[in-house]
Amino acid sequence: MGDADKTITVMNLERFATHDGPGIRTAVFVKGCPLHCPWCANPETQSLGPVHFVDGERCVGCGECARSCPNGAISLVTEGGRRRPRVDPARCSGCRACERACLREAIVLQGHVMSVGEVLSVAERDRDYYEASGGGVTLSGGEPLMFADTALAFLREARVRGLDTAVETTGNVAFETLRAVEPYVDHFLYDVKSLDESSLRNVVGGSVKLNQEGLRWLAARCPDKINARVAVIPGFNFDDEELKGIIDWLWEIGVRRVNLLPYHTLGLGKYAKLGRDYACSRSSLRDEDLEELHEYALSRGMESKVGA
Ligand code: SF4
Ligand code: SF4
């Protein structure tokens, strides 16, 4: 099977994206992530199993979706005095019968299995825009490097088609994967969430050691490809000393570009559709809240930007 024939579960394919690497890009959000950040703006990408959005405004609790499911994966539960469907991902085969059965279009299975070739054919429609703006394709998630074979196939095929490539990664991936994809990646948008091992492990389930090992290697090998991304999260890392410590560490290892990302609540509505609680602040940060950190990064000689 060639690279173009490999399949990938695409949760969202966003054309004309301007916050996922340089220029105008097509951002491809894939499923699966080793972390579980409670502030994640794309919570539907976190799990490996199928995920359904249920729109609580549209759903009338009629149960047609449950009756249509050939696998008995849907049960009706009562929440806040209203009946709504709950899907057992372990029993779901992804047939979409529930979607078709719902006359109110209230239940939607998230994601589509596509071949790498299909995804890149969509992306190639905007080649003129990429060439005019210095853009290309961005592989994002979830954690797009979680499945090394698929990521490699996507990036290699994009390179064959002459497309500029970016990867948005949590850095919580096997070092061998990073090494395998690096020759096919033009830009790494690399998350640094914390330097504190126990905080990272307890809150999001990641490893500082793994995150640092990968970035240190990239910084030594191809510093010009790196944009470190520091999401500033109230109650997690919104602390002067911690954030300046991250900037200092980036400088020490040779990273020279950083994006400071103010916490936002844009993904909040998705949690309700997934039947999940949202445990983080309901107030976004403003760009001005990161001004002091931005000035600090500039004073260290970094190229710093507030926002993606
Ligand atoms: S999702 Fe649609 S079919 Fe299922 S209970 Fe709600 S309204 Fe009925
Ligand atoms: S996608 Fe198919 S198997 Fe999954 S819950 Fe819907 S009807 Fe059932």
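Heads up: the sequence shown begins at 697 in this note's numbering, then just goes up one per residue. Virtual Cβ for every residue (Gly too), placed ideally from N, Cα, C.
Of all the options the options, which has the alpha carbon lying nearest to the alpha carbon of residue i?
| i | options | result |
| --- | --- | --- |
| L989 | V818, A700, A1004 and G941 | G941 |
| H960 | P930, E948 and E937 | P930 |
| G837 | H808, E740, D699 and G752 | E740 |
| L841 | R952, H883 and N868 | N868 |
| S743 | R754, P730, F749 and W735 | P730 |
| R650 | P919, V804, L986 and L994 | Beyond the ends of the chain as shown, which are 697 and 1004, falls residue 650; an answer cannot be given. |
| Y826 | A700, G777, L859 and L835 | L859 |
| V773 | A844, D983, W947 and G757 | G757 |
| A737 | E999, L964, K969 and R925 | L964 |
| G776 | Y992, G971 and F934 | G971 |
| I704 | F850, A802, S1000 and P785 | F850 |
| E839 | D824, S829 and V863 | V863 |
For residue i, decide whether its Cβ has a neighbour in chain D, counting only Cβ atoms nearer than 7 Å.
| i | result |
| --- | --- |
| K921 | The structure shown contains no chain D, having only a single protein chain. |
What's the C-alpha gap between residue i and residue j?
| i | j | result |
| --- | --- | --- |
| V809 | E937 | 44 Å |
| W735 | R796 | 31 Å |
| P766 | A793 | 8 Å |
| G759 | R800 | 12 Å |
| V1002 | G950 | 20 Å |
| K921 | R779 | 50 Å |
| G717 | G831 | 7 Å |
| T1005 | C761 | Not covered by the structure: residue 1005. The range shown for the chain is 697 to 1004. |
| R782 | A802 | 12 Å |
| I720 | P958 | 22 Å |
| S764 | R952 | 55 Å |
| G910 | L994 | 24 Å |
| R912 | R823 | 33 Å |
| I943 | L956 | 10 Å |
| L891 | V904 | 6 Å |
| A915 | N923 | 10 Å |
So, helix, strand or coil for residue i, using DSSP?
| i | result |
| --- | --- |
| I720 | coil |
| S817 | helix |
| L874 | helix |
| S789 | coil |
| A769 | coil |
| R953 | strand |
| A862 | strand |
| A713 | strand |
| R779 | strand |
| C869 | Note on residue identity: the sequence assigns Val, not Cys, to residue 869. Looking at V869 - three-state DSSP - the assignment turns out to be coil, as it is neither helix nor strand. |
| E853 | helix |
| P958 | strand |
Any heavy atom of ligand 3 closer than 6 Å to the Cβ of residue i?
| i | result |
| --- | --- |
| G971 | In terms of ligand content, the structure shown lacks ligand 3 and carries ligand 1 and ligand 2 instead. |
Stretch-stretch touch, CB-based, cutoff 8 Å, three pairs: the region 702 to 714 with the region 857 to 875 = no
Report yes or no: do the region 721 to 741 and the region 803 to 819 share at least 3 C-beta pairs separated by less than 8 Å?
-> yes
Tell me the start and end of each unbroken alpha helix (DSSP H) in the region 961 to 992 that is at least 4 residues and wholly inside, in chain order.
-> The region 961 to 992 contains these whole alpha helix (DSSP H) runs: 964 to 969.
What runs of the alpha helix (DSSP H), each 4 residues or longer, lie entirely inside the region 881 to 949?
-> 893 to 899, 904 to 917 and 936 to 949
The region 916 to 932 touching the region 961 to 980, judged by at least three CB pairs closer than 8 Å | yes
Can you check the region 734 to 769 for any alpha helix (DSSP H) of at least 4 residues that lies completely inside it and give the ranges in chain order?
-> Complete alpha helix (DSSP H) runs here, min 4: 760 to 764.
Length at least 3, wholly inside the region 795 to 843: the beta strand (DSSP E) runs in chain order = For the region 795 to 843, the continuous beta strand (DSSP E) assignments of 3+ residues that do not extend past its boundaries occur at 803 to 805, 808 to 811 and 832 to 836, in sequence order.
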